[in-house]
Structures are given as structure tokens and as C-alpha cells.
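Residue numbers (this note's numbering), protein chains in the order written: chain A, 7 to 151; chain B, 7 to 151. Beta carbons: idealized from backbone N, C-alpha and C, even for Gly. Model, not experiment: these values are computed from the prediction. Worksheet: one structure, shown below.
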DNA sequence: TCCACTTTCTACCACTTTTGACCACATCCT
DNA sequence: AGGATGTGGTCAAAAGTGGTAGAAAGTGGA
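Here it is as C-alpha cells:
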């Protein structure tokens, strides 16, 4: 399971070095193929193909006429691309995502259990600074967290 | 169960020596892997992975679109990092937390039953000086504490 | 339609920097 | 005095970076 936040850099060529902490798990559990996409254009998501397939299987349960499925695919296919990780542990971030999510230079790579997220430093910090509402505290309290 | 408050030091390299009192329990009950994070950026929390997983399981009950869950994960993932304890009982505190929670030099390590907390001396003192509210007294009273 | 040329990609090599595992010593406490 | 605890420092291995050469893709002209 991927956890936590590790800094990384995207070089001139748009290659993201996957932090060693995450690379270790990838080497032992997954291959070198990834599907990189986004559901909002602000944050890039990197899925080991195996994990993305699970999502596809769930989607397959919905009709092709289902408007929610259509809209989801419209977004995800817009940003999405298959990529190969090289021997040094780098993946080429899709051009379109580098622009829309401002993925360049220093970035934060988040472990979201089954997949990775890439956020620009600004977005990362900004989202972390949002304060909990009374509602949030109630919800989390009820769960016993 | 971890209890009480033991002083410790964080060295130049950012390594925290886990007080022997807590180390003993860790050796007999847990492994060497920890998830270090924070829910407010002011106080570091050190969870044996096993304990952190319990929290993840509770969170799994909420939808991924739940705003409270999102805010919680944005914070917790922002500060979080997996770490290994070395043979001398030291863990490397995540850079981002050392800065935001002023974790360096002398610190206080609190045992919070299932996990440890690390506070700068100032924060430690400050939080202990806060007065109980009427609301607090009511809650505790109802529990019979 | 096919070939020649140009441009872009990508796989991989070689080097630099950082990390963390481990050794050895210092200090405390009984 | 001797075990347990805490501290500092080292150095080899791991992580990270930049660059290049050969392959593939793209382009245009005959």
C-alpha cells in the first residue's frame, strides 16, 4: 500500500522520478506499465495497470448510455495515457497534464493506497492547509479516528 | 499501551531517539515500520503501521467523495511518511513535519495509548496549560471520569 | 505510393549526490 | 563496575540526474 508524501522532480523532458519509497513496492508487486490520468485536471493520478483495470471492470457494469459513465470517461480519457517506467524509475508525464496541473520542477508525490497522486507544490500545500469544519470533526469523531 | 511523557532529542540529521520506555513495548508488540504524520501540522504522530491500518479501515467506510474524508487525507497524506526504526531505536522525522511542527533539538514524546506523539517543548507546555471548558467538564463527567 | 530526410522519442549509460545501516564511543543509573 | 541507554560519525549502497545515440515516427517531394 502506498502511503505518505515524498518530494520528487520532473525534469526538462517531463520525466517524473518515482520516489524510491514507492518504487520499492512497485518493483515487488507491479510491473513497469502505468496508466496516468486525472479526474479534475488539477492532480495527476498514476495507476499500476492492474489497479486501473479494477476501475474499468467496475465501469463495465454501467451501460454505455449512462451519462455519469460517459462524463467520467470523457475526463479520464482526455487526460489519460499509458506509460512505461524506465530502468531508472522514471515515467513521462503526459503533456496535457503537465500543463493543466502545473506538473513541472519540484512536485509532491502522494501514496493513495492503491495508486499515486502527483500534485504541484502549491496545490499540495493549499489543500493541506484547508481547515477542518465542525462537520468534519463530528464525522471523524463518530468513526473513532 | 503507551503512557506518559518522556523527553527525547532529535539530532542534526533529524533522527528522533525513541525513549527506552516506549521502545520496550514496540520491541515486544510491534515491528520496525512506522507511519509518521500529523493532523494539524503542530504535533507529529507516530503510528506502528498495524495501528495506522486500523484508521485506514475506518476511513474505508466513507465514500471517496466525502468531503471530510478528503480533507482528512489531504492533511494526513501531506505530512505523512513511512519510516523504519534503526537498530538503535531511532526514526527519521519527515522534513516537512520537522519544519511545520518545529521538531528539532529537545522534544517531548507522549504515549497516546496506541501511538506516540512528538511535540516541541513549547507546544507541549502550551497545550498542557489550556483550561478545561464547561463543555469538557460535562463530557468527562458524563463518562464518569 | 514510396523513398529520403528531419525531427522526436525513448532506452540506456555513466556519473553525482544522498541516504541509512552500522560501528564505536559517551553517559547515565543502579 | 557494568549493563542499559543515548549520541555522533562513517562509508558503502541506494537514489537521483543529465545526457546521448540509435530507433521510431513524422513530413514532404517526386
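| Asked | Found |
| --- | --- |
| Chain A contact for residue 74 of chain B (CB, 7 Å cutoff) | yes |
| Short-range partners of chain B found in the region 124-139 of chain A, where Cβ spacing is below 7 Å | 130, 133, 134, 136, 138 |
| Residue 193 of chain B to residue 97 of chain B span [Cα, whole Å] | Nothing can be reported for residue 193 of chain B, as the shown portion of chain B is limited to 7 through 151. |
| 7 Å Cβ cutoff, residue 120 of chain A in contact with chain B | no |
| Coil, strand or helix - residue 68 of chain A by DSSP | coil |
| DSSP three-state assignment for residue 87 of chain A, whether helix, strand or coil | strand |
| Integer Cβ distance of residue 91 of chain B from residue 28 of chain B, believed to fall under 8 Å | Their Cβ separation, rounded to whole angstroms, is 11 Å, which puts residue 91 of chain B and residue 28 of chain B out of contact at 8 Å. |
| 9 Å Cβ cut-off: residues of chain B touching residue 4 of chain A | Nothing can be reported for residue 4 of chain A: it is not among the residues displayed for chain A, which extend from 7 to 151. |
| Proximity winner among B/144, B/121, B/149, B/103, relative to residue 20 of chain B (alpha-carbon distances) | B/103 |
| Cross-strand partners of residue 106 of chain B (DSSP beta bridge) | According to DSSP, residue 106 of chain B bridges with nothing at all. |
| Simplified DSSP assignment, three categories, for residue 32 of chain A | helix |
| Contact under 7 Å by Cβ, residue 117 of chain B with residue 35 of chain B | no |
| Cβ distance (whole Å) where residue 42 of chain B is taken to contact residue 99 of chain B below 8 Å | 7 Å |
| Interface flag, residue 80 of chain A vs chain B, CB-CB below 7 Å | no |
| contact_flag[the region 48-57 of chain A, the region 112-130 of chain A] where n(CB pairs < 8 Å) is 3 or more | yes |
| Beta carbon proximity, residue 77 of chain B to chain A, threshold 7 Å | yes |
| Neighbour-count burial assignment, residue 151 of chain B, 16 or more Cβ in a 10 Å radius | exposed |
| Buried or exposed by the 16-neighbour rule on C-beta atoms within 10 Å, applied to residue 130 of chain A | buried |
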